[in-house]
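Here is the structure we will look at.
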Amino acid sequence: MSTRTPIIIPVITVDGPSGCGKGTLSVFLAKQLGWHLLDSGALYRALSLAAKSHSVELDNYSALEVLGTYLDIRFEFDETSHKIHAVLEGQDVTQELRTESCGSDASKIAAIPGVRKALFERQRAFLELPGLIADGRDMGTVIFPEAQLKIFLEADPAIRAKRRFNQLQEMGVNANLDDLFLEISQRDRRDRERLVSPLVPAEGAIIIDSSNLTIDEVVSQGMLLVSRVFPDLMANLKTKSGWLERI
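For the sequence shown, our numbering begins at -7 and goes up steadily by one.
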């Protein structure tokens, strides 16, 4: 009786706190490799929006778990803007997910063990051929410990706050730099000190400190790691960014 060899789907995890550049790197990798993208942070943010939409309080753990189990969220690549859009229950909520209040609520929800359990299988369902780029805080430690490449991005909180401030200014949103720094520091503490799936580098993860790196330099380092772990993919890349000539 013959046995069928299980299909191994390649996974790259990109973990780290907010504002370190992991989202930019993850989107770039997904587009260049032609792989699927999971923005796990957006799942928790989307769950906080769904809770508001369905009048569920953040301390109603059982209701949040139900919402998380059946969360209707997908990520779509816009060929015109070349950006990833988050669609929750049929509505584009990309802009709403970027607000500081949404991020704060998501951080609180992420500390609830039942919610994390409910979203575990939802996140695993993103694993499809030809491969997956998983962006989050516990992708390499909990959700995809089998990942062939694990990247952990970090950056100084003050620098991350300044980056977020500039981003909001470009979007025409008023913000206070001191308030952003405080919010980021508090969120970091919650993420690192929570009992379930704390924010830590996965075993074997490659750590990149982006504090003094440009986006282009972060991407170059990320792609260099990909070239080492998945050398056969290099011939199929369709990039025009020029990073290949620099590594």
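Cβ atoms here follow ideal geometry from the backbone N, Cα and C, with glycine treated the same way.
### Query
Looking at residue 53 and residue 104, is the spacing between their C-beta atoms short of 7 Å?
yes
### Unbroken alpha helix (DSSP H) run spanning residue 88, endpoints
86 to 89
### Query
Over what stretch of residues does the beta strand (DSSP E) that includes residue 30 continue unbroken?
28 to 31
### Query
Taking the C-alpha atoms as reference points, what is the distance between residue 162 and residue -1?
44 Å
### Query
Alpha carbon to alpha carbon, what distance is there between residue 139 and residue 77?
25 Å
### Task
Drop a sphere of 10 angstroms on the beta-carbon of residue -7, count the other beta-carbons inside from all chains shown, and report buried for 16 or more, exposed for fewer.
Because residue -7 carries a pLDDT of 48, less than 50, the predicted location of this residue cannot be relied on, and no value is offered for it.
### Task
Please report how far the alpha carbon of residue 60 lies from the alpha carbon of residue 18, in whole angstroms.
23 Å
#### Entry: Continuous beta strand (DSSP E) stretch holding residue 128: start and end
124 to 128
### Message
Suppose you measure from the CA of residue 106 to the CA of residue 58; what does that come to, to the nearest Å?
### Response
10 Å
### Query
If we call anything under 7 Å between Cβ atoms a contact, is residue 125 one with residue 200?
no
### Query
Taking C-beta to C-beta, are residue 88 and residue 119 nearer than 7 Å?
no
### Task
Would you grab the beta carbon distance between residue 144 and residue 98 for me? Rounded to a whole angstrom, and I think it's under 8 Å.
Between residue 98 and residue 144 the Cβ distance is about 20 Å, and since that is not below 8 Å, they are no contact.
### Query
Is the beta carbon of residue 273 less than 7 Å from the beta carbon of residue 15?
Residue 273 falls outside the range modelled here, since the chain spans only -7 to 239, and no answer is possible.
### Task
Can you tell me which of 177, 112, 222 and 10 puts its alpha carbon nearest to the alpha carbon of residue 142?
222
### Query
Which same chain residues, not among the five before or five after residue 213, have their C-beta less than 7 Å away from its C-beta?
200
### Task
Take residue 85 and list the residues in its own chain whose beta-carbon comes closer than 8 Å to its own, dropping the five residues that flank it on each side.
38, 41, 78 and 79
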